[in-house]
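Following this note's numbering, the numbering of the sequence shown begins with -9 at its first residue and continues without gaps.
In what follows, a structure is listed as structure tokens, so that the remarks can point back to it.
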Amino acid sequence: MYIVCSDLEGIYVPEIWINVANHTGIEELKLTTRDISDYNVLMRGRLALLRKHNLKLSDIQNVITKLKPLPGAKEFLTWLRSRMQLIIVSDTFLEFAGTLMEQLDWPTLLCHHLTTDQEGNIIDYNLRQQDAKRKVVETLQNLEYKVIAIGDSYNDLSMLRKSEKAILFNPPRNVADENSDLTVVKSYDELKKIILQITYNQE
Ligand SMILES: [Mg+2]
């Protein structure tokens, strides 16, 4: 039986940090997992920038509250979740995801969490576990599921590579070029077609 493991940002919602960069004018916050493949290097840089510019968790949350899911995302998720089980596996943080997940009708989300001090400064981030995306796929396979993995970026590759069927959704050119053996789709309609093909004769 198939189950879907999917990334969040770039698949159903905009890149959160890029929007924070746009709203705050801090250009360096535009770097994402699409640019820097080492997530810890990326996150330490982001936290240093927040400290330097005196931005608190509430400042970031105020930006995120204004964000909307990508056009068609909610409809796609409603379609998908009526047919099969979905787990969103993201490198975002619980403290960031709330208002976006609400707009998507609260699909299951596995992600990380932040540590804040009494003034609301983000002082650290806590990965739920190392290589969490790959481990979710492995665990589901141990439960006798076959995994359709959907991602768009470097941090999705271990999840994609471990899955039975890997799909890149609107990846940046460098990720697509470096993984030219993976299926690339550019729209929810294409994604639906592929999922229907995969699951048509499922065991
Ligand atoms: Mg992504």
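The C-beta atom is built at its ideal place from N, Cα and C for all residues, glycine as well.
(message) Rounding to the nearest angstrom, what Cα-Cα distance links residue 73 and residue 67 in this structure?
(response) Looking up residue 73 in the sequence shown gives position 83. Looking up residue 67 in the sequence shown gives position 77. Each residue's Cα considered, the two are about 10 Å apart.
(request) Tell me the start and end of each unbroken beta strand (DSSP E) in the segment 91 to 175 that is at least 3 residues and wholly inside, in chain order. (result) 99 to 106, 112 to 116, 136 to 141, 155 to 159 and 173 to 175
(message) Let me check one thing: in DSSP terms, what residues is residue -4 bridge-paired to?
(response) Taking the sequence shown and counting its residues from 1, one reaches residue -4 at position 6. DSSP lists 78 and 140 as partners of residue -4.
(message) On the DSSP bridge list, what partners appear for residue 3?
(response) Start at 1 with the first residue of the sequence shown, and residue 3 comes out as number 13. Bridge partners of residue 3: -1.
(request) Return yes when the Cβ of residue 101 is within less than 8 Å of the Cβ of residue 81, no when it is not. (result) As a working note, residue 81 is residue 91 in the sequence shown. As a working note, residue 101 is residue 111 in the sequence shown. Yes, they are a contact pair.
(message) Out of 53, 137, 142 and 188, which one is the CA nearest neighbour of residue 174?
(response) As a working mapping, residue 174 is identified with position 184 in the sequence shown. The shortest C-alpha separation from residue 174 is found at 142.
(request) Please find out if some non-hydrogen atom of ligand 1 comes closer than 7 Å to the beta-carbon of residue 1. (result) Here residue 1 refers to the residue found at position 11 when the sequence shown is read from its first residue. Yes, the beta carbon of residue 1 sits closer than 7 Å to at least one heavy atom of ligand 1.
(message) Quick check on the burial criterion: 16 or more other C-beta atoms within 10 angstroms. Buried or exposed for residue 110?
(response) Counting from 1 along the sequence shown, the entry for residue 110 is found at position 120. Exposed, by the Cβ-count rule.
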